[in-house]
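Participant: 75 is the number that our numbering gives to position 75 of the sequence shown; each next residue is one higher, with no gaps. Virtual Cβ for every residue (Gly too), placed ideally from N, Cα, C. In this text, all values refer to a predicted model and were calculated from it rather than measured experimentally. One structure follows; several queries about it will come next.
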Amino acid sequence: MNSQLVNGGDCPSVLCQEFLKGDEYVVDHVSRDGVHKTVMLWVYDKRKANGGDFVYFGMKPVDPSTEVAKILINYTRRTLDVLGIKHGPSHSEIMMTTEGPCLVEVNCRAHGGKILQVVKNVILLCKFDQHTNISIHYILNLLF
């Protein structure tokens with residue numbers, strides 16, 4: 001290859017990924033000692049707009065009791081096991097295709113953006129910011 005990256009560095013190779021058709025989900029977990037607890041499950045709201053076939057408009061929460069949620073949660077937990085992720089938060093993005101779930105990415109981090117405020121509003125953790133260490137300890141003890 002004979003091109004450069006945006007920052008000016010050389011680009012010696014290209015990674016090609018198959019196009020995955022289906023709904024894209026986010027599955028957030030917190031883990032301790034290899035025990036994974038689902039924190040939240042979302043589906044991306046993507047639509048055609050501005051000449052693009054799949055523009056992100058936002059995310060919608062998914063009921064964890066649905067069949068698709070059960071499949072995604074099980075798939076994500078097995079993926080975390082295979083990757084050796086045993087402790088801390090994880091953020092996974094999974095495409096549900098006609099052939100089943102397919103991992104897009106997984107990161108050892110909490111969900112980004114303004115999601116903390118949304119979760120606070122949903123589950124009423126109003127004092128989380130002032131008592132981060134205490135709250136995390138309390139939540140982990142409740143979950144595990």
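Counting C-beta neighbours from all protein chains within 10 Å, is the total for Lys127 16 or more, i.e. buried, or is it exposed?
Facilitator: Per-residue confidence for Lys127 stands at a pLDDT of 43, beneath the threshold of 50, marking its modelled position as unreliable; the derived number appears in the next sentence. Exposed.
Participant: Short of 7 Å in beta carbon distance, which residues of its chain neighbour Arg109, apart from the five on each side in sequence? Order them along the chain.
Facilitator: Pro89 and His91.
Participant: If I follow the unbroken alpha helix (DSSP H) through Asp81, where does it start and stop?
Facilitator: That run of the alpha helix (DSSP H) goes Glu67 to Leu83.
Participant: Between which two residues does the beta strand (DSSP E) carrying Gly52 extend?
Facilitator: Gly52 to Pro61 is the extent of the beta strand (DSSP E) around Gly52.
Participant: Which residues bound the beta strand (DSSP E) around Cys108?
Facilitator: Looking at the DSSP string, Cys108 is not in any beta strand (DSSP E), and its letter there is neither H nor E.
Participant: Since Asp28 sits in a beta bridge, which residues does DSSP pair it with?
Facilitator: Asp28 is bridged to Met40 and His91.
Participant: Return the CA-CA distance between Asp23 and Glu99, expressed in angstroms with no decimal places.
Facilitator: So the two alpha carbons sit approximately 12 Å from each other.
Participant: Anyone know if the C-beta pair for Thr38 and Val27 falls short of 9 Å?
Facilitator: Cβ atoms of Thr38 and Val27: closer than 9 Å.
Participant: Give a yes or no on contact between the segment 6-21 and the segment 31-45, applying the rule of three or more CB pairs nearer than 8 Å.
Facilitator: No, they do not touch.
Participant: Buried or exposed: Val14, going by 16 or more other Cβ atoms within 10 Å of its Cβ?
Facilitator: Flag for Val14 reads exposed.
Participant: How is Glu35 classed by DSSP in three states: helix, strand or coil?
Facilitator: Per the sequence shown, residue 35 should be read as Val rather than Glu. Correct three-state label for Val35: strand.
Participant: According to DSSP, Pro64 sits in a beta bridge with which residue or residues?
Facilitator: In the DSSP output, where bridge partners are listed per residue, Pro64 has none listed.
Participant: Whose C-beta lies closer than 8 Å to the C-beta of Gly8 among residues of the same chain, with five residues either side of it excluded?
Facilitator: Around Gly8: no qualifying Cβ.
Participant: Looking at the strands, I want to know which residues DSSP matches up with Lys46.
Facilitator: BP columns for Lys46 point to Tyr56.
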